[in-house]
Amino acid sequence: MPEPLTFTSDALVQSVFRDHYALDAEKLESLYSKSKRHQWNAELDVDWSAYEPGADILERSRDFLSRLACVAELPADVQARLFREAATFTLSQVLHGEQAALMVCGQLVNVVPDLDGKLAAAVQVMDEARHVEVFARYLDKVGRRYPIDPDLQAIVAQILAETDWEAKCVGMQVILESVALGFFRAGTELAREPVLASFIGNVHEDEARHVAYGVLTLEDRIPNLSDAARRRLEDLAYDSVLRIAGRGGKPSFTTQFAALANAGIDVAAFLPKLLAEVSDPAGLDLDGIEDPMTRTVLPNLVRVGLVPERLLLGYRAQGWRIDLATGAVEDLHTWHPDTRAARAELAASGRTIARPA
Ligand SMILES: [Fe+2]
Ligand SMILES: [Fe+2]
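Residue 29 is where the sequence shown starts when you use the working numbering, and the numbers rise one by one after that.
As structure tokens, then:
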């Protein structure tokens, strides 16, 4: 057995104790009270014996791979293995993200100053422990788990090392959890294997509360920050979106190529075909493919006030047209003429997609 990957964060968070026990009923209702009423047990409430080893894990047509000719021409048994491995890769990253959420929430119990925030974080710690348990048990059934992707690891390490609770809350509750929420929301229609289908809706409900709490808390807090502190959070959000969405020229989550090899595909022969198709994707039919950035993450960032005018060109160069007046977020994709024009405009003034302002 190889040594499990271990990484550490030396961040010292400031622990705040207050002799102040007035509870804000309205704020509590949004997460703490609901969470107390909606606890479920990953060990006893899931019928683990219903697991179907040969079933598709996720609905194939919702996977980007299903839109590629180089996948359609593979033999049926190889395709079945490929979609299975791709789903296993995704669920492995979900599991690692759940461990990160557990750890960040543990820090939030200490670092958020008000009691409502501490209680909300505490009950979220329990939710995240349950999510770690349910996905770890599930991947045991599947029989494979992929390591954490280096890009996800870098984002997690950064969130853990942040000292301000606002930065942790943006990174974890508004960005990473919104990505997860997008996945779980699709998940109720997406899950094909019966055991996964039986619990994914419960995880979705928990995550929806976490994201809602993060958004409500930050909506209150961000207008009261200094200009410098708000600017820092705006940049942090922009950088995280660029890294997770992989629209800066480098694919996000490069380690998912390991899933190809595990499906029994000759990667050296397959990869050039795949890259040729995705490098000219204008003809691809992406109807029905969920993009959590467009649907969840960016609208939430707009709502809490972390998408400033000065970064709109950069977001358009990433492929999103954002209207701050209405909050509308439109996915232009990376090959749209407006996206290309935004990239050219950045280049003409010596800026890059990574340093757009
Ligand atoms: Fe979670
Ligand atoms: Fe969560």
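From the three backbone atoms N, C-alpha and C, an ideal C-beta is built for every residue, glycine too.
Query raised in the report: Which of the three DSSP states, helix, strand or coil, is assigned to GLU233?
Result: Here the question's residue 233 lines up with position 205 in the sequence shown. Three-state result, GLU233: helix.
Query raised in the report: So is THR116 buried or exposed if we call it buried at 16+ other beta carbons inside 10 Å?
Result: If you number the sequence shown from 1, residue 116 lands on position 88. Counting Cβ neighbours within 10 Å, THR116 comes out buried, since at least 16 surround it.
Query raised in the report: So, are the CB atoms of LEU188 and SER37 less than 8 Å apart?
Result: Taking the first residue of the sequence shown as 1, we reach residue 188 at position 160. Taking the first residue of the sequence shown as 1, we reach residue 37 at position 9. Their beta carbons are under 8 Å apart, which means LEU188 touches SER37 by this criterion.
Report task. Could you please give me the residues that DSSP links to TRP348 through a beta bridge? Result -> Counting from one through the sequence shown, the residue named residue 348 turns up at place 320. Answer by DSSP bridge pairing, in chain order: ASP359.
Query raised in the report: Which whole runs of the alpha helix (DSSP H) in the region 133-202 are 4 residues long or more, in chain order?
Result: 143-170, 178-189 and 193-196
Query raised in the report: ALA128: beta carbon under 7 Å from a heavy atom of ligand 2?
Result: Taking the first residue of the sequence shown as position 1, residue 128 is located at position 100. Answer for ALA128: no, Cβ out of range of ligand 2.
Query - Limits of the alpha helix (DSSP H) - the one that ILE272 falls within - result: Mapped onto the sequence shown, residue 272 falls at position 244. 255-273 is the extent of the alpha helix (DSSP H) around ILE272.
Query raised in the report: For the 8 Å Cβ check, are there 3 or more pairs between the region 145-156 and the region 48-59?
Result: yes
Query - CB contact flag (ALA286, TYR174, <8 Å) - result: In the sequence shown, the residue the question calls residue 286 occupies position 258. In the sequence shown, the residue the question calls residue 174 occupies position 146. Result yes, Cβ atoms of ALA286 and TYR174 sit closer than 8 Å.
Query - Check whether ILE85 and HIS124 have beta carbons under 8 Å apart - result: Counted from its first residue, the sequence shown places residue 85 at position 57. Counted from its first residue, the sequence shown places residue 124 at position 96. The beta carbons of ILE85 and HIS124 sit no closer together than 8 Å.
Query - Local conformation of LEU340 per DSSP, three classes - result: Position 312 of the sequence shown, counted from the first residue, corresponds to residue 340. LEU340 falls in the helix class under three-state DSSP.
Query - Any non-hydrogen atom of ligand 1 closer than 7 Å to GLU235 Cβ - result: One-based indexing of the sequence shown puts residue 235 at position 207. The answer is yes for GLU235.
Requested in this report: Quick one: grab the DSSP three-state call for ALA219.
Outcome: Position 191 of the sequence shown, counted from the start, is the residue given in the question as residue 219. Note: ALA219 maps to strand in three-state DSSP.
Query raised in the report: Can you name, in chain order, every residue of its own chain whose Cβ lies under 6 Å from the Cβ of GLN152, other than the five neighbours on each side?
Result: Along the sequence shown, read from residue 1 onward, the residue named residue 152 stands at position 124. Contacts found: CYS133 and HIS238.
Query raised in the report: Under the criterion of a Cβ to heavy atom distance below 7 Å, does GLN152 qualify as lining ligand 2?
Result: Stepping through the sequence shown from its first residue, residue 152 is reached at position 124. Checking the Cβ of GLN152 against ligand 2 gives yes.
**Report entry** Cβ-based neighbour list, SER206, same chain, cut-off 8 Å, excluding 5 preceding and 5 following
**Finding:** In the sequence shown, residue 206 corresponds to position 178, counting from 1. If we look at SER206 and ignore the five residues flanking it on each side, its Cβ neighbours are VAL239, PRO320, THR324, VAL325 and ASN328.
Query raised in the report: Taking 7 Å as the cut-off, does the CB of ASP155 come closer than this to any heavy atom belonging to ligand 2?
Result: As a position in the sequence shown, residue 155 is number 127, starting the count at 1. In this structure, ASP155 has its beta carbon less than 7 Å from a heavy atom of ligand 2.
**Report entry** Length of the line joining the Cα atoms of HIS66 and ILE183
**Finding:** Against the sequence shown, residue 66 aligns to sequence position 38. Against the sequence shown, residue 183 aligns to sequence position 155. Straight-line Cα distance between these residues: approximately 30 Å.
Query raised in the report: Does DSSP put LEU388 in a helix, a strand or coil?
Result: Residue numbering for the chain in the displayed model covers 29 to 385; residue 388 lies beyond these limits and cannot be assessed.
Report task. Helix, strand or coil for LEU86, going by three-state DSSP, please let me know. Result -> Here residue 86 corresponds to residue number 58 of the sequence shown, with the count starting at 1. DSSP places LEU86 in strand when its eight states are reduced to three.
Report task. Going by CA-CA distance only, name the one from SER377, LEU93, ARG112 and ALA265 that's closest to VAL330. Result -> Position 302 of the sequence shown, counted from the first residue, corresponds to residue 330. Taking only the C-alpha atoms, the option nearest VAL330 is ALA265.
Report task. Answer with buried or exposed for GLY82, where buried requires no fewer than 16 other C-beta atoms within 10 angstroms of its C-beta. Result -> Position 54 of the sequence shown, counted from the start, is the residue given in the question as residue 82. Exposed is the call here.
Query raised in the report: Between GLU247 and the rest of its own chain, which residues show a CB-CB distance below 6 Å, the 5 nearest in sequence each way excluded?
Result: Reading the sequence shown from its first residue, position 219 is the one you call residue 247. So the list reads VAL332, once near-sequence residues are dropped.
Requested in this report: Reducing DSSP to helix, strand and coil, say where GLY316 ends up.
Outcome: Against the sequence shown, residue 316 aligns to sequence position 288. GLY316 falls in the coil class under three-state DSSP.
Query raised in the report: Should GLU245 and CYS197 be called a contact, given that it needs their Cβ atoms to be closer than 8 Å?
Result: Here residue 245 is taken as the residue at index 217 of the sequence shown, counted from 1. Here residue 197 is taken as the residue at index 169 of the sequence shown, counted from 1. What sits at residue 245 in the sequence shown is Thr, not Glu. Their beta carbons are under 8 Å apart, which means THR245 touches CYS197 by this criterion.
Requested in this report: Give the secondary structure of TRP68 by DSSP, where H, G and I count as helix, E and B as strand, and everything else as coil.
Outcome: On the sequence shown, residue 68 is found 40 positions in, with the first residue counted as 1. Correct three-state label for TRP68: coil.
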